[in-house]
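Novice: Numbered per our numbering, the sequence shown finishes at 286, counting up by one with no gaps. Heads up, the beta-carbon is just placed ideally off N, CA and C, and yes, glycines get one too. Please see the structure below; I have some questions.
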Amino acid sequence: MNNIVADLHIHSIFSDGKLSVEEICKLLKIKGIKYFSITDHDSIRSFEEAKNNAEKFDLGYFPGIEFSTVHKQRQVHILFYGKKVEGIAKELEIRKNDRFLRILKMVDLLKDFNITIDKEDLFFEAKDSESIGRPHLARVMVKRGFVSSLKEAFEKYIGDDKPCYVPKKEFSVKETVDMIHKYEGIAVLAHPYENNVVEFMDEIIGTGIDGIEVFSPKNNQFNIDFLNEKAFKNSLIVTGGSDFHGDGEYQKYGLNESNFEQFYNIWRNL
Numbered sequence: 017m018n019n020i021v022a023d024l025h026i027h028s029i030f031s032d033g034k035l036s037v038e039e040i041c042k043l044l045k046i047k048g049i050k051y052f053s054i055t056d057h058d059s060i061r062s063f064e065e066a067k068n069n070a071e072k073f074d075l076g077y078f079p080g081i082e083f084s085t086v087h088k089q090r091q092v093h094i095l096f097y098g099k100k101v102e103g104i105a106k107e108l109e110i111r112k113n114d115r116f117l118r119i120l121k122m123v124d125l126l127k128d129f130n131i132t133i134d135k136e137d138l139f140f141e142a143k144d145s146e147s148i149g150r151p152h153l154a155r156v157m158v159k160r161g162f163v164s165s166l167k168e169a170f171e172k173y174i175g176d177d178k179p180c181y182v183p184k185k186e187f188s189v190k191e192t193v194d195m196i197h198k199y200e201g202i203a204v205l206a207h208p209y210e211n212n213v214v215e216f217m218d219e220i221i222g223t224g225i226d227g228i229e230v231f232s233p234k235n236n237q238f239n240i241d242f243l244n245e246k247a248f249k250n251s252l253i254v255t256g257g258s259d260f261h262g263d264g265e266y267q268k269y270g271l272n273e274s275n276f277e278q279f280y281n282i283w284r285n286l
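Encoded structure:
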């Protein structure tokens with residue numbers, strides 16, 4: 017795809033990326049990208065820095081998030097693009113609290129094995145993270161000498177189906193799409209060929225998504241043609257991005273001027 021001007025799928029250090037927001041913006045400017053969105057996983061922590069650096073590097077910025085959802089026991093990622101980020105921030109805080117309560121339940125179960133974990137230790141371990149998860153709990157267990165390794169913590173206590181495991185609350189595609197629309201955002205199915213989500217594309221489209229991420233390094237030309245046709249037949253917008261995490265050299269993937277104009281026409285009317 018030639019003349020790419022917009023990359024609407026990038027990750028920073030605020031989720032699982034390796035580059036800071038400033039480093040990303042500097043790189044995009046060098047590569048000739050004019051418009052971008054940083055779509056960190058279930059996080060808005062990049063928003064303020066992205067806005068400021070967009071001005072610094074003269075780039076167009078669109079706030080975005082990549083939400084983790086589940087459909088038929090399979091991971092499905094839904095991209096949010098929107099302006100009403102305050103409401104989305106509240107929803108993310110609720111999800112964050114749910115994740116923390118899950119970990120506290122595991123902490124209670126660990127007491128049955130004479131393993132006592134202090135909440136303050138968990139807070140300290142996760143101080144640079146968006147939320148507290150099992151890896152943080154496992155690291156505290158190692159530091160306190162209850163287990164010799166992270167592997168032991170998971171294999172004996174907190175791994176899936178182990179005695180102290182508590183399932184996490186999963187959010188469906190429909191719940192997430194409805195939440196995005198509640199705050200007048202754009203809901204886009206990310207990289208449909210990952211986890212073979214494409215197998216139930218019609219069901220995902222039926223949840224009310226607004227678009228499909230067609231242009232991605234994970235899609236070959238056959239995939240792109242198929243997704244383009246799906247989008248056209250269902251009156252959905254097409255989006256695209258590099259899904260860049262800072263590993264290796266940046267490769268330009270995203271939207272050309274024509275496709276970006278389609279996205280922008282939806283955006284400006286939000």
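#1: Could you pull the start and end residues of the alpha helix (DSSP H) that G201 belongs to?
#2: Verify whether the separation of the beta carbon atoms of L43 and L35 is less than 9 Å.
#3: Three-state secondary structure (DSSP) at R284?
#4: Let me check understanding here. Comparing Cα to Cα, which of D32, D137, V204, K159 lies closest to F96?
#5: Which residue from N244, D56, A105, E146 puts its Cα closest to that of H93?
#6: With 16 as the cutoff for other CB atoms within 10 Å, does L117 come out buried or exposed?
#7: Residue ranges of each alpha helix (DSSP H) run of no fewer than 4 residues wholly in the region 27 to 95, ordered along the chain?
#8: Return the Cβ separation of I60 and L120 in integer angstroms, given the expectation that the two are a contact with Cβ distance under 8 Å.
#9: To the nearest angstrom, how far is it from the Cα of P179 to the Cα of K172?
#10: If F231 and Y51 are in contact, beta carbons under 8 Å, what's the gap, nearest whole angstrom?
#11: Note the first and the last residue of the continuous beta strand (DSSP E) segment covering E229.
#12: Indicate whether the contact test is met: 3 or more Cβ pairs, each with one atom in the region 79 to 94 and one in the region 188 to 198, closer than 8 Å.
#13: Can you tell me the Cα-Cα spacing of H207 and I54, whole angstroms?
#14: How big is the Cα-Cα spacing for L271 and M195?
#15: Could you give the distance in angstroms between the alpha-carbon of E245 and the alpha-carbon of Y266?
Specialist: The structure says:
#1: From DSSP, G201 is part of no alpha helix (DSSP H); its letter is neither H nor E.
#2: Going by beta carbons, L43 and L35 fall inside the 9 Å limit.
#3: coil
#4: V204
#5: With distances taken between Cα atoms, H93 lies closest to D56.
#6: Classification of L117: exposed, given that the 10 Å Cβ count is below 16.
#7: 37 to 47, 63 to 72
#8: Contact doesn't hold; Cβ gap of about 24 Å is too wide.
#9: The alpha-carbon atoms of P179 and K172 are separated by roughly 8 Å.
#10: So it is not a contact: roughly 14 Å between Cβ atoms.
#11: 227 to 231
#12: yes
#13: 15 Å
#14: 26 Å
#15: 28 Å
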